[in-house]
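Working notes for the structure below.
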Amino acid sequence: MSVSKRASESLSLTCPMFGAFSQTLNKMYNADTNPNGALNLGVAHNDLLQQKVFEKAKACLQLTPNDLNYGPSEGTQELRQLMKDFFTRHFHPYYPMNWTDIFVHTGAGASINQLFLSIGDPGDYCLIPTPFYGAFEYDVSVHTGIHILPVNLHKELQDMSIDPDQLESYYQGATSEGKKVTSMLITNPENPLAKCYSKKDIETILAFADRHHIHVVFDEIYALSTYSQFLDEKTEDPFVSVLSLPYKELIDPALVHVIYGLSKDFAVNGFRVGYVVNQFNGPLKQALRRSSAFSYLSTITDRLLCNMFSDTKWIDEYLLENRQALAASYTRTTEFLKSEGIDYIAAQAGPFLLVDIRNKLVSATSESDDLLWAKMLDGGVYLAKGSVFYIGQPGFFRLTFALPWDELHKGLTRFIKALQ
Ligand SMILES: Cc1ncc(COP(=O)(O)O)c(C=O)c1O
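Everything in the sequence shown is counted per the working numbering, starting at 6 for the first residue and increasing by one.
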């Protein structure tokens, strides 16, 4: 055998999301090489304040001679302290945070992988409610040997509420098949549903995880991209971080972990920055410190982030402006969709929403989704198919709307044309 058993297991994993994305690569728009290519309304990215972020990042790229040396692999103390202040301002932790609770990695995906390497063993199972971000297949499983177990907890696709009995029966079903469930992964705000879990649902999840003594990981990468409070001023920010709850009262706190990253809320997915936050698990912190050398942020990025995040006024104003820009773009997009008779699932957070085109299809099957998807690509627009997020029913596509209106409008028009 030319590679290890572990590597060949990783190679046998399939990830429909990357599979679909790889088919788009030479068809995508590029101003120089493919000006007639497909506009990207499929990847979760946010270009609304790109120029502002770009200018700030450029100004913050001020190195010191010491940045030429090795830094601490889990992130500098300066950065971790700044991030502690940032989490304290925006995630409102119930238990005061310490900078040593935060581990920095090269992206949220890397943070998930590093965390699972330390909380699960090969052959273990991780419960993930559907629909979910398709790349979890890799983030959770590559080289960890942990299997994912998709579970459908929502009565209707748009309904985020969790039925505790159903959750329990999935767990019991898996256990009776000999599957050892040792963790659960929740995305809040959700991708692709673009909605938040309620405090009650988070408490349900914590109580369940405690009952079975399993780890519970909250991926909160879209936490600060909520905007529904700007659409209806009578409503509040729908996001509740698990960190803001007195979770020690519900669960062994060593089992609670948060993932965050800068790719989405700060629209810098190329910078590759992710965080694991854990407040009460000493051995895990030691393990994360040991493995962090393999997902080690460059001192250049560390310095850049220190310079950016020390300007708290800029950070907080940017976040507010970004939410307002998301709300405005969501409103414009949904008005366009309504005028074209396209249904969608009302969203609260993030740069995308799910369109529901079941009523536009003669027959809604996974084959018809594939054909339509290919037709869209040929017609110059890329949307993400629902199936890559484990949406069980055909007719759903995830559409990224956090783009300048000219580009977005062109993409939406091509999408409508492909439906005809
Ligand atoms: C829910 C979720 N988690 C993690 C990631 C990965 O983020 P990163 O670019 O920081 O690796 C994504 C990216 O789309 C995501 O949607």
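All C-beta atoms in this analysis are idealised placements derived from N, C-alpha and C, irrespective of residue type, glycine included.
I'd like to know whether the C-beta atoms of L388 and L46 end up nearer to each other than 8 Å.
Yes, they are a contact pair.
Using beta-carbon positions only, say whether I264 and E225 come within less than 8 Å of one another.
Against a cut-off of 8 Å, the Cβ pair of E225 and I264 comes out as a contact.
Given this structure, state the Cα-to-Cα distance separating N74 from S15, to the nearest angstrom.
The alpha-carbon atoms of N74 and S15 are separated by roughly 34 Å.
Would you grab the beta carbon distance between C20 and G139 for me? Rounded to a whole angstrom, and I think it's under 8 Å.
Their Cβ separation, rounded to whole angstroms, is 6 Å, which keeps C20 and G139 in contact under 8 Å.
Closest by CA to I167, which one among V386, Q353, N193, T187?
Checked all of V386, Q353, N193, T187; the closest Cα to I167 is N193.
Compute the minimum distance between the beta carbon of N51 and the heavy atoms of ligand 2, and state whether it is under 7 Å.
Ligand 2 is absent from the structure shown, which contains only ligand 1.
Can you tell me whether DSSP reads D237 as helix, strand or coil?
D237: coil per DSSP, three-state reduction.
Looking at N71 and ligand 1, is the gap between the Cβ and the nearest heavy atom below 7 Å?
Result no, Cβ not under 7 Å from ligand 1.
If you draw a straight line from the alpha carbon of F108 to that of Q82, how long is it in whole angstroms?
Rounded to whole angstroms, F108 to Q82 spans 10 Å at the Cα level.
Determine the closest residue to F235 out of W410, G385, Q353, L404, with distance taken between C-alpha atoms.
Closest by alpha carbon: Q353.
Any chance the CB of N45 is under 7 Å from a heavy atom of ligand 1?
Not under cutoff, so the answer is no.
Would the C-beta of G266 count as close to ligand 1, meaning under 7 Å from any of its heavy atoms?
Correct: G266 has its Cβ closer than 7 Å to ligand 1.
Identify every residue that forms a DSSP beta bridge with I350.
Note: I350 sits in a beta bridge opposite L359.
Are the Cβ atoms of Y99 and S203 separated by less than 8 Å?
Cβ atoms of Y99 and S203: not closer than 8 Å.
According to DSSP, is M381 part of a helix, a strand, or is it coil?
Reduced to three states, the DSSP call for M381 is helix.
If we call anything under 8 Å between Cβ atoms a contact, is N364 one with D348?
Yes, these two residues count as a Cβ contact at 8 Å.
Three-state secondary structure (DSSP) at S7?
Here S7 sits in coil by DSSP.
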